[in-house]
Structures are given as C-alpha cells and as structure tokens.
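Visitor: Just dropping this structure here.
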Amino acid sequence: MMKRIPQKCLTALLVLTTAIQIAVAQSTEINYLSGTGSDHTVNWQFYCTAGSQSGKWTTIPVPSCWELQGFGKYDYGFAKDSLRGKESGFYKYTFQVPASWKGKKVNIVFEGVMTDATVKINGRSAGPVHQGAFYAFKYDISTLLKYGSRNLLEVTVDKHSANPSVNEAERKADFWLFGGIFRPVFLEALPAEHITSVAINARADGDFHAVLKVNAAQQRQVALQLYDKDHQKVGPQIIRSVNAPEIHMDTLYPHIQPWSSEFPNLYQVEISLRNNSQVLHTLRQRIGFRTVEVKQRDGIYVNGVKMKFKGVNRHSFRPETGRTTSKAISIEDVLLIKEMNMNAVRMSHYPPDGHFLDVCDSLGLYVMDELAGWHGNYNTETGTRLVKEMLEHDVNHPSIVFWANGNEGGHNKELDHLFPELDLQQRPVLHPWQLFNGIETQHYREYNYGIGNYENGREIVMPTEFLHGQFDGGHGAGLEDYWDKMWHNPLSAGGFLWDFADQGVVRKDLHDSLDTDHHRGADGIVGPHHEKEGSFFTIKEVWSPIYVERREITPAFDGTFNIENRYAFTNIDQCHFTWQLKKQATATVYNDSIIAPHLKPFEKGTLKLKLPANWQSYDVLYLSAKDPHDKELFTWSFPIVRPAQVTAKMIDTASTGKVTIREQDSLWLVSAADIHLAFNNRSGLLQAVKHGNTIIPFNNGPVLQEGDNNFAGFSYHEEGNKLIITSTFDRKKSYNTLQWTIYPSGIVKMAVQYFPAAYFTSFVGVNFAFPEKEMQAVEYMGSGPYRVWKNRLKGTKFGIWHKAYNNTETGESWNYPEFKGYHANMYWCKFITASQPFTVYTDNESLFLRLFTPAWKTDQWHNYEPIFPSGDLSFMQGISSIGTKTQRNETTGPMGMKNIFYDYEKEPERALQIILYFDFSGK
C-alpha cells in the first residue's frame, strides 16, 4: 500500500521541479547525438566508398576515425598523391528533439570532421560544405527540424578535400591522416533571446573586460557575477543595459588570485540576459586572470615575470582511436607532461579538443594554440573562416598564451591581422620556424647556431621544435647543454621539444600491429601507450624547478646542499623535502625530512640535513623534493660508498689454497678452487672460463677500444698463494700493460693500464665476448635502470637494479627500460646466463657497463645513430653520445662531442686504468 505524501512536501517538490525547469530553460541546453569521446561513442549507420570494408552499409561508432574502425585506407602525410586514400564516408543517424524546443534557436555543432562535411537534416541542406578538419562549426537548423518527432541527420565526409589549400595545409603534413567525424556532435538549444558569445580579458592585476554579443530586444539587461572555486561571490554584480548587439563590461577585482602554470587559479563568470527580474538566458564561462606581454629585445612575460617555457609538442592521438580522444586522455597527457616538470605545451599542428584546453586551464600548462599548416597553407578565404572558428572556440582559455599561424612555412601572412582583431587579450602571434614579431622560433638548429650564438642576437629566442627526439636521440640527449644556455641567457624564452608521444597506429589491416610509419612517427618521449623511455627522466631532472648543485659526498660532508629556485611564482618554502640514507645490501634505511628554506623565485640558498652520527655506514643518500601540490619534482641520489669499498666487502682475496698453472701450446691453463681459466700467453687475453664442468662463454678480452691492442712481454710468477700474469711496459713494443691476478678462492683480478689511440675519441675501455643468446638478465649496483649516453647522463637513480634481457629498439618496440646500451656508474654486475651466473666488480669510479649493441636502424636519418664498441660486454671509461634526426651528436652541445684524453707523452703515470674482479663461482 502506498503512503500518502504530505501536501507541503508536494508543494516543495513542485517548486523545486519548476525551478529546475526554469534553470534549464534559461541555460543553453545540450543534447549529444554522438558520444562524448573515444571512451563513449554512439553507433551511426555508415557506408565507406573505398578501401577496407567499403561498398556496404554497416555501423560505425561516432566519434571515431574510420581507419581505426577497419574502414578505408591508412595514410601518412608524406604519401604520394596517387597513393593517398581519398575515400568518402556516408553517415546516417535518426534523433528526436523535444517539442518544447520549438521557438528556440537550435544549432547542430560538429567539434571536428575530417575533412569536408556536407550536412543534411531531413533531406535538406543545413548549410555550406565545411572544409577544414580541426575546427568546430555549427549550423542553425531550427527551421529544418520536426519537433517532438523523428529527424534524419545525413553527413557526407570526404577525407580528401575539394579545396586544394585545405589539402596543402592539412593533408601533406608530417603526421598521420585520418577520415571521419572524429570529435563529438551535439545539438544546442538557446532561447529566442540569448547571449551569442562572450570574450573576456581578465588581467593579472584584476582588471576585467568582457565583450558580449546578444540577440535580444532593446531595453533588456545583462548582469555579470564572478565566483571563486568554492562558488563564493567575488565583487558586486555588474549590470548593463542592452542598447546594441555588442555590450562592453569593465570592472576591477583588486584582490584576485592570478592564473599561472604553477598556481592555476580559476574563477567562473556567470552572465545573465534579463527582462527586468525575468532571466531569459544564462551563460557560464570559466576564466583565469593572467597577463602575457612581449617586451622586445628582452623577453616574454607572464604576470610580470620573465618566463622560460619548458615545453613539448603534442598531437591529439591514441594508437587505437587516432585523433579521437577523451577528457580522461587529456588529463593523462597533461599529468605526464607536468610530471616531466614542463610548464608548456604546443598544439602541433592544429587546435586540440576543447577538453584538453579545459585540463590545461585547471592543472596548469601554458599553451601555444595553432592554425594548421605545414609547408602549405590555407588560402585567405578559407583561412579567414577557420581562424574565426578557432578563436571563437578557444579564445577564453587562460592557458593559451600564444597563437601560431601555421608551421614550417605553412603561414598565410594575410591571416595575421585576424588574431589581434578577434582576440581581446591580444596574445602574441607566432610563425613557428621563422623570426616573427621579434621572436625567433627557428627549429632544430645546432647548439652553436641556435643557442651558443644568442650573445650575438637581438631577438627573443624560443625554438618551437628543438632536439628532435626520433627514436632515442634528442630530447634528454643534449638537453642539459641547451638548457644551461637557455637558462642563463636573458634573451632566451625556453623552447618546445619535438615531441610528446610516439605515434604508432594499431593497424586493423596488419593484424593489429603498431605502425609508426618507420622513423616518421617515432619521435616521442613516451611510447604510443605512454611507456617512459630514459629521456623522460632526464627531462624531469634537467627541468626541475628546484636545481640541486652537484655534490660529492666525502667524509667532510656536513649535510649541506646548494640549491636554486627556478620557479617563476613559487617560494621554495611552499615545497616539501624528504631525504633517506640506505644500505643497499640489507635495505636498511634512515628517513627524515627538512624544513624548506625561504627562497623567492630565482634566488639561491642551501638545504642543511641533520645527519646521524653513523651516516657514513650507509651506501647512498637520496634527496626528494615535492611541489606545493605534493607532486614529486625529482629524487636525487648521492653515493656515499666508493666502488673499491664495496668490492673489498664482496670478494674473497684472502682464502687459503693453491693456484696451478700449466702451458699447453699458446695457452696458459690456470686453476684455482673449481675455476679453470685459459689465457693466451702472447696477447694475455682470457680465452676460456669453466666452473667445474660448466663452460662460461665469457672470453676474448680485454680488447682495448680505440687503443693500440699491443700488450706484450708476458710472464707469470707466484706472489704468496696468488698467481700473477703480467705484461711489460716497453716504448718499442707496448705502451699498454695488462696484469691478471688469480687468487686461491678462484677470484680473478684484471688490471689494465692503457692509452687511447687519439686525442679525440668516441669511447675508451675494454671489451669481452659473450654470446647474446646466452644472456637472460643482469643485476647490478649503479645508476639505473635506464641506459645513458655521453650527452644524456641525468635522470637515473643510484641503487641495485635487476633487468631482464630484452631486445627493445627505442621507438620501434616499447619494453622499457632497454637492456642493451650503456649503464652508468657501475660498482658490480651479476650476469645471469643460460649456463650459470658470474659477477664482475670494480675499483673504478664512474665506470660504464656496456651490454651488447642495439640494432642499427635501416632508416634514412642516421644523424642520431650512436656507435658502439666492438665485442659484446664492455667496461668503459668514455662512451659515445647520440645525435638527433636533424643533428649529428657533436652539434648538440659540448656533451655531444668526443671524449678528450691527453696521451702525447705516454708515461705510465698518465695511463688510464681499469681494475675488474671476476667471480665465476656462480654465487
């Protein structure tokens, strides 16, 4: 039996229901015909004219790129015109609109269609064909609708535009090309009298100016109220009479919190169109108060502070959905970008989804929004329409601090005037790749040209694409050199790396394999699914807004670190510091925190740790910093113990027993404990190793790299219970010396003194042979887990790391961290093999471990290709650097140059020395 509802409750419910209905009627009503993104789609009827799954009616999710749904033909922008996919797609969808919408203005809004869109409602044209893929457009379909009954939407989408300039600007560019309704479609219903648009200029000092366009009768009023994040009113309500289609509203908010990437303070503006006390229409707009200024021959200022932009280029992209994304994807991208301590992002090379800009507003990233164009541009008529659409859609986002008119020669200069005319905030307009408006944005220039010559220039320098990160080159490699110049040069405004993520498409026609179009899409700091390569962490350290000066930990260390505040608006006392001492073998730790010092932006100071009395008994010190939002900036590691100390603890050189030696042909056969060794008695090289009856295929070393491999004059002798095999330093026969010491425990010590072959050399060290197929994993103490290059040493952490073997090729496969390559600061390494493990220790500091050689990439761009030593496993004192797609390694800065060694006198005391200990016991 139902209970009767009291009358007063029914009255309250009726009042609430009426209030909700009035509020809905007053606001713009939105009704999605498609889904809202890649994570929410709606099936429409679909017919593809060519390529896969063509020639039949079926269904397709909307929004989507039809190639990623198995239709049509995949295209990268460099394809020959005769090979391009030029298929069309026919879409149908039926929908209803409420009868209550009659008398309202109803628009159909397309957020993005690739590329030409012809729209019909109930068989009648909605308006002219829209050409241009990345721009939101709308049609007023009020007179075409059947209210309260079913309506038919038909859209014809031509992937290849009938407008040649659109194809030049969009479809011959250096990125994947798709087709389809790839962004959402919705209806918006506005009251007959309504606010058409609002543009706002909210400055950092609280000065506020809004321009409203209205469709309303005379003698109406508009009222404006500002709210903070807690929806508390800020300042009084402003009311103006409607006496023209355009209304200006000005005021000052004296105690406003400005917006910046560090503190993305947002407010909401609520604007109402009224007929006295009756609200006709309400519009809400989220804004931030911030000011952008370009001061010629000085810099780019945000909120009065000269800015260094730490940016990256970002495509709207996912492997499974192409250009169709979602708000969740936007959040993930922005969080990853900020995790690298970046403060800026460039939209390459087209405007993004609106939700990406929303997330940049709320989480804090400076944005360069860009009109499409790459070595080709829109004609003036088409470009004028698209610039207007872009600015109408994006203009109020506080995150946008630049507009870009095309890229790399894709600039139609006749469009430049539109940006200041349509932008109330008067944001700077750039021509990426050119000098324009006093800002040099040249791409990819070598260190000396683009960075080192700042001192000779007069313009503000801000490369919009630098250190092209193809495969493992660029990005972190060279960044430390570049950033040192950028940070200290007053005319530098920073720059933008190319680019954020590898663009690998999941190819339905290739059994769902990932395709980066060879080298073209493999430019990312992260992989297609955001796998982090080594450069991710290098960037994170180099671009940390708290700079920690290098410090060697000696017995005299008093806990003091020199630091610098590289924030623009944050005081260091708003950040948080913790630190840890750790014993690696036992995982024993000592944790503590430290009060952050009061350091204003750009000031230097110190951190002082209160060390325990036994701090020297630990192996490593870690120092961590978190920002005011509790996000980690970086964790720096400082080894306390030296390699020789660790080696002395780990190996047995004092045991009793006997070492035997016998000669067989050209070999000395040596046995100790259950270890059996073979040495060539002329070259001194290790030829074979056995533990009991188990062969350990580690041999043919040490072979010197880029040095005269002329050990000579070998002899052996006993010293106590040790056996020593040694060569002779002889100016006529051999400058280099090799000594083997075999201990009764079976431990083998190698000591090499050598001279590099040249003053400039790519690498120096010693090599051994080991079959790659026998390697299963390594465990090592050193800096890791990521590999390094000579010009990319930062971003690692000192510790004990375990790495399973993989054959990952950066940008072609994404099982990171890569196994092959150079690994820094080796103390010891245990090689886990198919036969049995063996371990190598060292007394040397700053020794590099080299694990095999990554495959040479069969690609047209070889600037980035590093070189590796001969042999399979190496122990190096100098390693090679890596270049980028557009630069050789030596042009990325001093760290990219070859190693320099003074060897002209070749005196023994000037020789380099490597000391290794080998434990073949399998422990």
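Residues -25 to -1, 1 to 898 in mature numbering (1 follows the signal peptide of the UniProt record, and there is no 0) are what the sequence shown spells out, letter by letter.
Using N, Cα and C, we set each Cβ at its ideal position, and we do this for glycine too.
Could you give the distance in angstroms between the alpha-carbon of glycine 289 and the alpha-carbon of glutamine 478?
Guide: In the sequence shown, residue 289 corresponds to position 314, counting from 1. In the sequence shown, residue 478 corresponds to position 503, counting from 1. Checking the displayed sequence, the identity of residue 289 turns out to be arginine instead of glycine. One C-alpha to the other measures close to 10 angstroms.
Visitor: For asparagine 142, collect the residues of the same chain with a Cβ closer than 7 angstroms to its Cβ; drop the 5 residues on either side in sequence, then sort them by chain order.
Guide: The residue labelled residue 142 in the question sits at position 167 within the sequence shown. Counting only Cβ-Cβ distances below 7 angstroms, and skipping sequence neighbours, we find His135 and Ser136.
Visitor: Of the choices Leu165, Ala54, Arg59 and Ala101, whose alpha-carbon is the least far from that of tryptophan 76?
Guide: Numbered from its first residue, the sequence shown carries residue 76 at position 101. Out of Leu165, Ala54, Arg59 and Ala101, Leu165 has the C-alpha closest to the C-alpha of tryptophan 76.
Visitor: Rounded to whole angstroms, what is the Cα-Cα separation between arginine 767 and serine 599?
Guide: Locating residue 767 in the sequence shown gives position 792, where the first residue counts as 1. Locating residue 599 in the sequence shown gives position 624, where the first residue counts as 1. Approximately 21 angstroms, taken between the alpha carbons.
Visitor: Would you grab the beta carbon distance between histidine 651 and lysine 633 for me? Rounded to a whole angstrom, and I think it's under 8 angstroms.
Guide: Translated into the one-based positions of the sequence shown, residue 651 becomes position 676. Translated into the one-based positions of the sequence shown, residue 633 becomes position 658. That pair is no contact at about 14 angstroms.
Visitor: If we call anything under 8 angstroms between Cβ atoms a contact, is glutamine 44 one with proline 36?
Guide: Within the sequence shown, numbered from 1, the residue matching residue 44 stands at position 69. Within the sequence shown, numbered from 1, the residue matching residue 36 stands at position 61. Contact flag set, yes.
Visitor: Measuring CB atoms only, is the region 273 to 293 touching the region 319 to 335, in the sense that at least three cross pairs come out at less than 8 angstroms?
Guide: In short, these stretches touch, since the Cβ pair count reaches three.
Visitor: Pick from Ile213, Asn218 and Gly210: whose alpha carbon is nearest that of lysine 190?
Guide: Residue mapping note: residue 190 aligns to position 215 of the sequence shown, counting from 1. Checking the sequence, you will find asparagine at residue 190 rather than lysine. Nearest of Ile213, Asn218 and Gly210 to asparagine 190, Cα basis: Asn218.
Visitor: Beta carbon of leucine 485, beta carbon of proline 503: below 8 angstroms?
Guide: Stepping through the sequence shown from its first residue, residue 485 is reached at position 510. Stepping through the sequence shown from its first residue, residue 503 is reached at position 528. Going by C-beta atoms, leucine 485 is not nearer than 8 angstroms to proline 503.
Visitor: Quick one: Cα of glycine 427 to Cα of asparagine 464, how far?
Guide: The residue labelled residue 427 in the question sits at position 452 within the sequence shown. The residue labelled residue 464 in the question sits at position 489 within the sequence shown. Bear in mind that a pLDDT of 49 at glycine 427, under 50, signals an unreliable position, so the model cannot answer this.
Visitor: Can you tell which of Asn668, Ala752, Tyr110 and Phe686 has the C-alpha that lies nearest to the C-alpha of glycine 676?
Guide: Position 701 of the sequence shown, counted from the first residue, corresponds to residue 676. That would be Phe686, whose Cα lies nearest to the Cα of glycine 676.
Visitor: CA-CA distance, isoleucine 5 and tyrosine 341?
Guide: Taking the first residue of the sequence shown as 1, we reach residue 5 at position 30. Taking the first residue of the sequence shown as 1, we reach residue 341 at position 366. Roughly 29 angstroms separates the two Cα atoms.
Visitor: Starting from the C-beta of phenylalanine 85, find all residues in its chain whose C-beta is less than 6 angstroms away, skip the five residues before and the five after it, and write them out in chain order.
Guide: On the sequence shown, residue 85 is found 110 positions in, with the first residue counted as 1. Within the same chain, phenylalanine 85 has close Cβ partners Phe112 and Val160.
Visitor: Can you tell which of Phe109, Phe70, Lys79 and Lys80 has the C-alpha that lies nearest to the C-alpha of asparagine 97?
Guide: Stepping through the sequence shown from its first residue, residue 97 is reached at position 122. The option with the nearest alpha carbon to asparagine 97 is Phe70.
Visitor: Answer yes if the region 404 to 418 comes into contact with the region 437 to 451, meaning at least three C-beta pairs across the two stretches below 8 angstroms, and no otherwise.
Guide: Short answer: they touch.
Visitor: Quick check on this structure: which residue in Lys748, Gly688 and Ile671 has the alpha carbon closest to the alpha carbon of residue 899?
Guide: In this structure the chain extends from -25 to 898, so residue 899 is not present and cannot be described.
Visitor: Quick one: using the 10 Å Cβ neighbour count with 16 as the cut-off for buried, is lysine 724 buried or exposed?
Guide: Position 749 of the sequence shown, counted from the start, is the residue given in the question as residue 724. That one is buried.
Visitor: Residue range of the alpha helix (DSSP H) that serine 63 falls in?
Guide: Residue mapping note: residue 63 aligns to position 88 of the sequence shown, counting from 1. Run containing serine 63: none in the alpha helix (DSSP H); it sits in the beta strand (DSSP E), 63 to 71.
Visitor: DSSP state of cysteine 335, grouped into three classes?
Guide: In the sequence shown, counting from the first residue as 1, residue 335 sits at position 360. Three-state DSSP puts cysteine 335 in a helix.
Visitor: DSSP on arginine 59, reduced to helix/strand/coil?
Guide: On the sequence shown, residue 59 is found 84 positions in, with the first residue counted as 1. Correct three-state label for arginine 59: coil.
Visitor: Please classify valine 362: does DSSP put it in a helix, a strand, or coil?
Guide: Counting from 1 along the sequence shown, the entry for residue 362 is found at position 387. Valine 362: helix per DSSP, three-state reduction.
Visitor: Using only CA atoms, which one of Trp715, Lys708 and Asn711 lies nearest to isoleucine 700?
Guide: Position 725 of the sequence shown, counted from the start, is the residue given in the question as residue 700. It is Trp715 whose Cα lies nearest to the Cα of isoleucine 700.
Visitor: Taking the alpha carbon of glutamate 516 as the reference point, which residue from Asn546, Leu454 and Glu356 has its own alpha carbon closest?
Guide: For the purposes of this step, residue 516 is identified with residue 541 of the sequence shown, where counting begins at 1. It is Leu454.
Visitor: In angstroms, rounded to a whole number, what distance separates the CA positions of serine 896 and glutamine 852?
Guide: Reading the sequence shown from its first residue, position 921 is the one you call residue 896. Reading the sequence shown from its first residue, position 877 is the one you call residue 852. Answer to the nearest angstrom: the Cα atoms are 27 angstroms apart.
Visitor: Among Trp473, Arg617, Met282 and Val616, whose alpha-carbon lies nearest the alpha-carbon of proline 520?
Guide: Here residue 520 refers to the residue found at position 545 of the sequence shown. If we check each option's Cα against that of proline 520, Met282 comes out closest.
Visitor: May I have the straight-line CA-CA distance separating asparagine 696 from phenylalanine 827, to the nearest angstrom?
Guide: Your numbering for residue 696 matches position 721 in the sequence shown. Your numbering for residue 827 matches position 852 in the sequence shown. Distance between the alpha carbons of asparagine 696 and phenylalanine 827 is about 36 angstroms.
Visitor: Which of the three DSSP states, helix, strand or coil, is assigned to asparagine 681?
Guide: Along the sequence shown, one-based indexing puts residue 681 at 706. The sequence given here places glutamate at residue 681; asparagine does not occur at that position. Coil.
Visitor: Suppose you measure from the CA of tyrosine 66 to the CA of threonine 118; what does that come to, to the nearest Å?
Guide: On the sequence shown, residue 66 is found 91 positions in, with the first residue counted as 1. On the sequence shown, residue 118 is found 143 positions in, with the first residue counted as 1. Each residue's Cα considered, the two are about 21 angstroms apart.
Visitor: Quick check: what's the CA-CA separation for glutamine 194 versus asparagine 251?
Guide: Working through the sequence shown from its first residue, we reach residue 194 at position 219. Working through the sequence shown from its first residue, we reach residue 251 at position 276. Each residue's Cα considered, the two are about 9 angstroms apart.
Visitor: Pairing CB atoms from the region 526 to 533 with CB atoms from the region 543 to 555, are three or more of them under 8 angstroms?
Guide: The region 526 to 533 is not in contact with the region 543 to 555.
Visitor: What's the gap between the Cα of methionine 315 and the Cα of phenylalanine 511?
Guide: For the purposes of this step, residue 315 is taken as residue 340 along the sequence shown, with counting starting at 1. For the purposes of this step, residue 511 is taken as residue 536 along the sequence shown, with counting starting at 1. If I take the Cα positions, the gap works out to 7 angstroms.
Visitor: Flag this pair as yes or no: are the beta carbons of tryptophan 554 and leucine 574 separated by less than 8 angstroms?
Guide: As a working note, residue 554 is residue 579 in the sequence shown. As a working note, residue 574 is residue 599 in the sequence shown. Contact flag unset, no.
Visitor: Using 8 angstroms as the limit for Cβ to Cβ distance, is phenylalanine 238 near chain C?
Guide: Structure shown: chain C not included; a single protein chain is present.
Visitor: What three-state label does DSSP hand arginine 863 in the structure shown?
Guide: As a working mapping, residue 863 is identified with position 888 in the sequence shown. It is coil, neither helix nor strand.
Visitor: Go through its chain and collect everything with a Cβ distance to glutamate 882's Cβ below 8 angstroms, but skip five positions before and after it.
Guide: Start at 1 with the first residue of the sequence shown, and residue 882 comes out as number 907. Excluding sequence positions up to five before and after glutamate 882, its CB lies less than 8 angstroms from no other CB in the same chain.
Visitor: Start and end of the alpha helix (DSSP H) containing glutamate 389?
Guide: Mapped onto the sequence shown, residue 389 falls at position 414. Element bounds for glutamate 389: n/a, residue is neither H nor E.
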